[in-house]
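Undergrad: In the order they appear, the protein sequences are chains A and B.
For the first sequence, the residue numbers in the working numbering are 1 to 297.
For the second sequence, the residue numbers in the working numbering are 1 to 175.
This is the structure I want to talk about, given as structure tokens.
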Amino acid sequence: MKKVILLLSIGFVASSCLRMDSFLFNPDATITEYLLDDFDGETEIQLDASYNLPDSTQHIFTLNSDADGDLASIYSVYVGDISRIATDTVILYLHGNAGHLDYYWPRIKLLANVGKKNRFGVLAIDYRGYGLSEGTPSEEGLYADADAAMAWLKENGLTNDRLIVYGFSMGSAPATELTANARSMQSSKLMLEAPFASDEVMVQDASGLSLPGSFFTNLEINNAEEIAKVDEPFFWIHGTADSFLSIKTHGEVVYKNYDGRYSVAHRVQGGEHSDVPAIMGYDAYNDAVLEFIEYAP
Amino acid sequence: MPIPLSSVGYAVGLDTGLTFAGGLNTTSLLFGNAQVDLTLGINAFKTENEKFGLTVSPGLNLFYGFNGGDFSLYPQLEGVVWKEYGEKNNLFFGGLGTWVELDREKAHGEVQVHELMPYITLGHQFTGKKWNVQLEARYIGFTYPNDNIVVDYLGPFSTGTSGIYFGVSRKLGKQ
Chain A
1 MKKVILLLSI GFVASSCLRM DSFLFNPDAT ITEYLLDDFD GETEIQLDAS YNLPDSTQHI
61 FTLNSDADGD LASIYSVYVG DISRIATDTV ILYLHGNAGH LDYYWPRIKL LANVGKKNRF
121 GVLAIDYRGY GLSEGTPSEE GLYADADAAM AWLKENGLTN DRLIVYGFSM GSAPATELTA
181 NARSMQSSKL MLEAPFASDE VMVQDASGLS LPGSFFTNLE INNAEEIAKV DEPFFWIHGT
241 ADSFLSIKTH GEVVYKNYDG RYSVAHRVQG GEHSDVPAIM GYDAYNDAVL EFIEYAP
Chain B
1 MPIPLSSVGY AVGLDTGLTF AGGLNTTSLL FGNAQVDLTL GINAFKTENE KFGLTVSPGL
61 NLFYGFNGGD FSLYPQLEGV VWKEYGEKNN LFFGGLGTWV ELDREKAHGE VQVHELMPYI
121 TLGHQFTGKK WNVQLEARYI GFTYPNDNIV VDYLGPFSTG TSGIYFGVSR KLGKQ
């Protein structure tokens, strides 16, 4: 006897998320103003008062960014003397996927303390949809917003040889993309902290299988391939205990694929995704950053 | 947050000890992928009173992504022991299965070290005249650590992930 059965099955797999697109952007747009030192919410790292900077060196302003016709006014903070951009070296800090500028303010301050206070200018932006910045986050938006920051630096007199780009986590995407495929400016050095290799590696880490990234996401971020186009000196730092972006499947792959003229790697023992400077020690971290900026050819 | 994975399927008895089943993962379809599973259920062992048995099911999982045009294929093998009980012939079942990873390469030319994606399954079927209802728990990828990856999976001993499955089946035609 033939038996025919129609099945309807619903399963619940215990995971925090399935679509990788939703992983990429985790903005907080609930704030009404930037508080910087007065921000009492969660921050990635905590610094004591010795890292505080003169108020006169903190400038918050907006930039206009155009992502293929998707216009947005995005917020930026420049730490340093704007009138000296024409002669200073500037670090463009591209933050990660969570929160907003206040969340990353201690990291920005830390970079502004490299060498000595305000030795280097530091520019950071909130991508569209983050903090007070207009718009909705998107991959092209990341690139356009970072490029808007470079365009502003160029307008203020910065030359390519004095531009350092530092990308943390998700910020490694615009940092690598705009170093590999320059738009307004060509950065002279690239620094990546806890970079991710590509959306496909995220998919394969999550599934344990060699599934194509296109099954889950339309993102085309591919730091592992873009880094191969970069010749500028490359600084890579990653925590060995990173539970979000594995050093093995993400950071090491990006580092291995770099084929430029100079690279330095810092594998920080016990460092998690967001606490590498703290685990490494702020002085050691700042010394490593300074050494790279000053001596990398 | 748990993600619902839904599918619709169709099964037909080819012989007294052989069942063919096909399923379409409707959640995958919503994500722009055609995910189809095809399995052959073989009664490897059954007691004379047909109350206890072992079913072995080789199968194939096929994926096609409409966005990128990518295709993936995963052979599957599952062995399930089942025990019927009571007047209604409800049954408990439990077993072991695995997907097979044929690709030895991952993204960016990295070596794929996972050859299998094993799972343990344990469930119960409430058997009705026309309708069956199944509840099933799975422990997937239990041989692999689940830390240092981008997803926060919930699995015992920081390995694999757990899943709860609810299934309804309607018997059609002559029984």
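We put the CB at the ideal spot given by N, CA and C, even for glycine.
#1: Since I believe K171 (chain B) is in contact with K130 (chain B) (beta carbons under 8 Å), could you give me their beta-carbon distance rounded to a whole number of angstroms?
#2: To the nearest angstrom, report how far apart H108 (chain B) and E252 (chain A) are at their CA atoms.
#3: Establish whether the CB of G68 (chain B) and some CB of chain A are separated by less than 9 Å.
#4: Is there a Cβ from chain B that is less than 9 Å from the Cβ of L209 (chain A)?
#5: Going by Cα to Cα distance, which pick from A:A144, A:F39, A:G69 is closest to L63 (chain A)?
#6: For chain B, is any of its Cβ atoms less than 9 Å away from the one on V201 (chain A)?
#7: Quick one: is A107 (chain B) near chain A, going by C-beta distance under 9 Å?
#8: Kindly indicate which three-state DSSP category V114 (chain A) falls into: helix, strand or coil?
#9: Below 6 Å CB to CB, which residues in the same chain sit around Y295 (chain A) once its five sequence neighbours on both sides are set aside?
#10: How big is the Cα-Cα spacing for S50 (chain A) and A182 (chain A)?
#11: Starting from the N-terminal side, write out each stretch of the beta strand (DSSP E) that is 3 residues or longer and does not extend beyond the stretch 58 to 116 of chain A.
#12: Rounded C-beta distance between A72 (chain A) and E134 (chain A)? I'm assuming under 8 Å.
#13: Any idea what DSSP makes of M185 (chain A), helix, strand or coil?
#14: Starting from Y282 (chain A) and walking both ways along the alpha helix (DSSP H), at which residues does that stretch end?
#15: At a CB-CB cut-off below 7 Å, which residues of chain A make contact with Q76 (chain B)?
#16: Please report the distance separating the alpha-carbon of T161 (chain B) from that of L5 (chain B).
#17: So for T39 (chain B), helix, strand or coil by DSSP?
#18: Within 10 angstroms of its Cβ, does M1 (chain A) collect 16 or more other Cβ (buried), or is it exposed?
#19: Spatial neighbours of Q58 (chain A) within its chain, please: CB distance less than 7 Å, with the 5 preceding and 5 following residues excluded, ordered by chain position.
#20: With DSSP as the reference, label F168 (chain A) as helix, strand or coil.
#21: Between which two residues does the alpha helix (DSSP H) containing A307 (chain A) stretch?
#22: Could you tell me which residues DSSP puts in a beta bridge with Y64 (chain B)?
TA: Let me spell this out:
#1: On the second sequence, position 130 is the one that residue 130 (chain B) refers to. On the second sequence, position 171 is the one that residue 171 (chain B) refers to. About 5 Å separates the two Cβ atoms, so the contact holds.
#2: Working through the second sequence from its first residue, we reach residue 108 (chain B) at position 108. Working through the first sequence from its first residue, we reach residue 252 (chain A) at position 252. Approximately 12 Å, taken between the alpha carbons.
#3: For the purposes of this step, residue 68 (chain B) is taken as the residue at position 68 of the second sequence. Yes, G68 (chain B) lies at the interface with chain A (some Cβ there is under 9 Å from its Cβ).
#4: For the purposes of this step, residue 209 (chain A) is taken as the residue at position 209 of the first sequence. Yes - at least one Cβ of chain B is within 9 Å of the one on L209 (chain A).
#5: The residue given as residue 63 (chain A) occupies position 63 in the first sequence. Selected option, being the one with the closest Cα: A:A144.
#6: For this step, residue 201 (chain A) is matched to residue 201 along the first sequence. Cβ-Cβ to chain B under 9 Å: yes for V201 (chain A).
#7: Position 107 of the second sequence holds residue 107 (chain B). Output row for A107 (chain B): interface = yes.
#8: Numbered from its first residue, the first sequence carries residue 114 (chain A) at position 114. Three-state DSSP puts V114 (chain A) in coil, outside helix and strand.
#9: In the first sequence, residue 295 (chain A) corresponds to position 295, counting from 1. The answer is none, since no qualifying residue turns up.
#10: Sequence index remark: in the first sequence, residue 50 (chain A) carries index 50 (1-based). Sequence index remark: in the first sequence, residue 182 (chain A) carries index 182 (1-based). Cα to Cα, the separation comes out at about 36 Å.
#11: 58 to 67, 70 to 79, 90 to 94
#12: Position 72 of the first sequence holds residue 72 (chain A). Position 134 of the first sequence holds residue 134 (chain A). Sure, about 4 Å apart at Cβ, within 8 Å.
#13: Start at 1 with the first residue of the first sequence, and residue 185 (chain A) comes out as number 185. Three-state DSSP puts M185 (chain A) in coil, outside helix and strand.
#14: Within the first sequence, residue 282 (chain A) is the residue found at index 282, counting from 1. Counting along the chain, the unbroken alpha helix (DSSP H) around Y282 (chain A) starts and ends at 282 to 295.
#15: The residue you call residue 76 (chain B) lines up with position 76 of the second sequence. Correct list: empty, because the minimum Cβ distance to chain A is about 12 Å.
#16: Here the question's residue 161 (chain B) lines up with position 161 in the second sequence. Here the question's residue 5 (chain B) lines up with position 5 in the second sequence. Between T161 (chain B) and L5 (chain B), the C-alpha separation is close to 14 Å.
#17: Translated into the one-based positions of the second sequence, residue 39 (chain B) becomes position 39. In the structure shown, T39 (chain B) sits in a strand (DSSP, three-state: E or B).
#18: Along the first sequence, one-based indexing puts residue 1 (chain A) at 1. Caution is warranted here: a pLDDT of 37 is assigned to M1 (chain A), below 50, making its placement in the model unreliable, and no coordinate value can be reported.
#19: As a first step, residue 58 (chain A) must be located in the first sequence, where it is residue number 58. L36, V77, V79, listed in sequence order.
#20: For the purposes of this step, residue 168 (chain A) is identified with residue 168 of the first sequence, where counting begins at 1. Correct three-state label for F168 (chain A): strand.
#21: In the structure as shown, chain A starts at 1 and stops at 297, and residue 307 (chain A) therefore has no counterpart that could be examined.
#22: As a working mapping, residue 64 (chain B) is identified with position 64 in the second sequence. B:A34, B:F71.
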